[in-house]
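What follows is a short report on a single structure.
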Amino acid sequence: MSLLSPPLQAFLAVAQLGSVHGAAKKLNITQTGVTQRVRALESNLGTTLFLRSRKGMAPTPDGISLLRYCEQAQNIEGEFLSRIGQKNAGRGTQRISIHGPTSIMRSRIVPSCSKVLPLLPNLRITFHISDDSLQSLSLKNAKADFEIMEPRHVSDEFESRLLRPEKYVLVAPKKWQGRRVEDIIREEVIIDFDLTDTMSYRYLEFAGFAPLASSERHFVNNTESLASMIRDGHGYGVLTQEFANHYLQGNDLILLNKGKFMEHRLALAWYNRPTMPIWFEKVLKAIK
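Take 113 as the starting number for the sequence shown in the numbering used here and just add one per residue.
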């Protein structure tokens, strides 16, 4: 049973597998049959759905929009099947992908969703943890069902809500304990994620230390590695309180400005669905 027509099934298989060959194998039809169905679909829609190259088939912007529709149709189908009790393997299984940065994903999102999984035995979750971007790219490219991003990147096409604020704290290596905060900020190097990362400067401004800070910085585009560099004494910087707790409790890091934290808001974004499946709604409610 499928809510998708044969041309849409062919399109979806090519989009997911990146090749006509893989789609033909999955659908158990010839490569010519797959190509004809996709071309007929493109003709009917009056658009190009794929960019074709030696590396494979990549969806165009219109192709990405259609891919999102097909995936939602599959989700509705799975919800229908599960409601009437057809939960055998491969029929009622639902999949969901959540993308977000290391700190909040590790400390809050994964634990919250883990509590929901026992209630949804047919749900399979992919957690994609990346600090490379907070600009809604995964959601727009149909690679995620939910994405955590800065509120300024939430566009009108998304549904969204603000999450509980993250609390940023200023941290330094344990061996610097006893030094004056002002001396550390004046003499030591900041460690940040990349050139566009302003979180440390924003905290220093918030705490009144900005005039003392050096403009020199180290960069490492991974939160775990950033914390390790601070632990090893290469500089100081900011981490979320939840993420930093592990290092603080292990006596690897110290708080430089104890009791002073800066709140930072992130948003959870998703595309609106005509019919919201139960499993989608439960995951949405679990993320705070």
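The beta carbon of each residue, even a glycine, is placed where N, CA and C say it ideally should be.
Worksheet item: Run through DSSP, which three-state label would L380 get?
Response: Indexing the sequence shown from 1 puts residue 380 at position 268. Reduced to three states, the DSSP call for L380 is strand.
Discussion item. Short of 6 angstroms in beta carbon distance, which residues of its chain neighbour N187, apart from the five on each side in sequence? Order them along the chain.
Written reply: As a position in the sequence shown, residue 187 is number 75, starting the count at 1. If we look at N187 and ignore the five residues flanking it on each side, its Cβ neighbours are P389.
Item to complete: Tell me where the beta strand (DSSP E) around M341 begins and ends.
Response: Residue 341 sits at position 229 when you count from the first residue of the sequence shown. Note, M341: premise wrong, no beta strand (DSSP E); alpha helix (DSSP H) at 335–343.
Worksheet item: Exposed or buried, which one is H211 when buried takes at least 16 other CB atoms within 10 Å?
Response: The residue given as residue 211 occupies position 99 in the sequence shown. With 16 or more other Cβ atoms within 10 Å, it is buried.
Discussion item. On the DSSP bridge list, what partners appear for Q206?
Written reply: Taking the first residue of the sequence shown as position 1, residue 206 is located at position 94. For Q206, the beta-bridge partners assigned by DSSP are L235.
Worksheet item: CA-CA distance, R298 and I260?
Response: As a position in the sequence shown, residue 298 is number 186, starting the count at 1. As a position in the sequence shown, residue 260 is number 148, starting the count at 1. The alpha-carbon atoms of R298 and I260 are separated by roughly 34 angstroms.
Discussion item. For E336, tell me which candidate among Q148, R218, S209 has the shortest Cα-Cα distance.
Written reply: As a first step, residue 336 is located in the sequence shown; it is residue number 224 there, counting from the start. Out of Q148, R218, S209, R218 has the C-alpha closest to the C-alpha of E336.
Worksheet item: With distances taken from CA atoms, which of L275, K370, K252, A256 is nearest R292?
Response: Numbered from its first residue, the sequence shown carries residue 292 at position 180. Comparing Cα-Cα distances from R292 to each of L275, K370, K252, A256, the minimum goes to K370.
Practice prompt. For M311, I'd like the list of residues in its chain whose CB is within less than 6 angstroms of its CB, leaving aside the five on either flank, ordered along the chain.
Written response: In the sequence shown, counting from the first residue as 1, residue 311 sits at position 199. Hits under 6 angstroms: V350.
Fill in: For R273, the residue or residues it bridges with in DSSP
Numbered from 1 along the sequence shown, position 161 holds the residue referred to as residue 273. R273 is bridged to L380.
Worksheet item: For the beta strand (DSSP E) that M217 lies in, which residues bound it at each end?
Response: Translated into the one-based positions of the sequence shown, residue 217 becomes position 105. Boundaries for M217: no beta strand (DSSP E) harbours it, and the DSSP string shows neither H nor E there.
Worksheet item: So the alpha helix (DSSP H) F123 belongs to, where does it begin and stop?
Response: The residue given as residue 123 occupies position 11 in the sequence shown. Note, F123: alpha helix (DSSP H), 118–129.
Worksheet item: Terminal residues of the continuous beta strand (DSSP E) containing R298?
Response: Taking the first residue of the sequence shown as 1, we reach residue 298 at position 186. Following the DSSP letters along the chain, one finds R298 in no beta strand (DSSP E) but inside the alpha helix (DSSP H) bounded by residues 293–299.
Item to complete: List the whole-angstrom C-beta distance separating V403 from L367, where the pair is believed to meet the contact cut-off of C-beta under 8 angstroms.
Response: With the chain covering 113 to 400 only, the question about residue 403 has no answer from this structure.
Item to complete: Drop a sphere of 10 angstroms on the beta-carbon of L316, count the other beta-carbons inside from all chains shown, and report buried for 16 or more, exposed for fewer.
Response: For this step, residue 316 is matched to residue 204 along the sequence shown. Its Cβ being crowded by 16 or more others within 10 Å, L316 is buried.
Practice prompt. Evaluate P285 with the Cβ neighbour count: other Cβ atoms within 10 Å of its Cβ, from every protein chain shown; 16 or more gives buried, anything less gives exposed.
Written response: If you number the sequence shown from 1, residue 285 lands on position 173. With 16 or more Cβ atoms within 10 Å of its Cβ, P285 is classed as buried.
Worksheet item: What does DSSP give as the partner residues of E328 in its beta bridges?
Response: The residue given as residue 328 occupies position 216 in the sequence shown. Per DSSP, none; premise fails for E328.
Worksheet entry | A356 versus I342 - alpha carbon distance | As a working note, residue 356 is residue 244 in the sequence shown. As a working note, residue 342 is residue 230 in the sequence shown. When rounded, the distance between both Cα atoms is 11 angstroms.
Discussion item. Once DSSP output is grouped into helix, strand and coil, what is the label at M388?
Written reply: Within the sequence shown, the letter at position 276 stands for residue 388. In the three-state reduction of the DSSP assignment, M388 falls in the coil class.
Fill in: Local Cβ density within 10 Å of A325, reported as buried at 16 or more and exposed below that
Within the sequence shown, the letter at position 213 stands for residue 325. The residue in question, A325, is buried, as its Cβ has 16 or more Cβ neighbours within 10 Å.
Practice prompt. Measure how close the beta-carbons of V146 and M169 come, nearest whole angstrom, since I'm counting them as under 8 angstroms.
Written response: As a first step, residue 146 must be located in the sequence shown, where it is residue number 34. As a first step, residue 169 must be located in the sequence shown, where it is residue number 57. Actually they do not touch by this definition, with Cβ atoms about 10 angstroms apart.
Discussion item. One question on the structure: do L396 and L275 come within less than 7 angstroms of each other, judged by their Cβ atoms?
Written reply: Taking the sequence shown and counting its residues from 1, the one referred to as residue 396 is at position 284. Taking the sequence shown and counting its residues from 1, the one referred to as residue 275 is at position 163. Pairing L396 with L275 gives a Cβ-Cβ distance that is not under 7 angstroms.
Item to complete: Output the residue ranges of the beta strand (DSSP E) runs that lie fully inside the segment 137–185 and measure 3 residues or longer, sorted by chain position.
Response: Runs found: 162–165, 168–171.
Worksheet item: What residues in its chain sit with their C-beta under 6 angstroms from that of L354, if we drop five residues either side in the sequence?
Response: Translated into the one-based positions of the sequence shown, residue 354 becomes position 242. Sequence check: residue 354 is Glu here, not Leu. Closer than 6 angstroms at the Cβ level, and outside the excluded window around E354, lie S219.
Practice prompt. Could you please give me the residues that DSSP links to L251 through a beta bridge?
Written response: Walking along the sequence shown from the start, residue 251 turns up at place 139. For L251, DSSP assigns no beta-bridge partner whatsoever.
Fill in: C-alpha gap between S215 and F331, whole angstroms
Walking along the sequence shown from the start, residue 215 turns up at place 103. Walking along the sequence shown from the start, residue 331 turns up at place 219. Rounded to the nearest angstrom, the gap between the Cα atoms of S215 and F331 is 17 angstroms.
Item to complete: Just tell me which of V150, K255, G130 has its CA closest to the CA of S165.
Response: As a working mapping, residue 165 is identified with position 53 in the sequence shown. Comparing Cα-Cα distances from S165 to each of V150, K255, G130, the minimum goes to G130.
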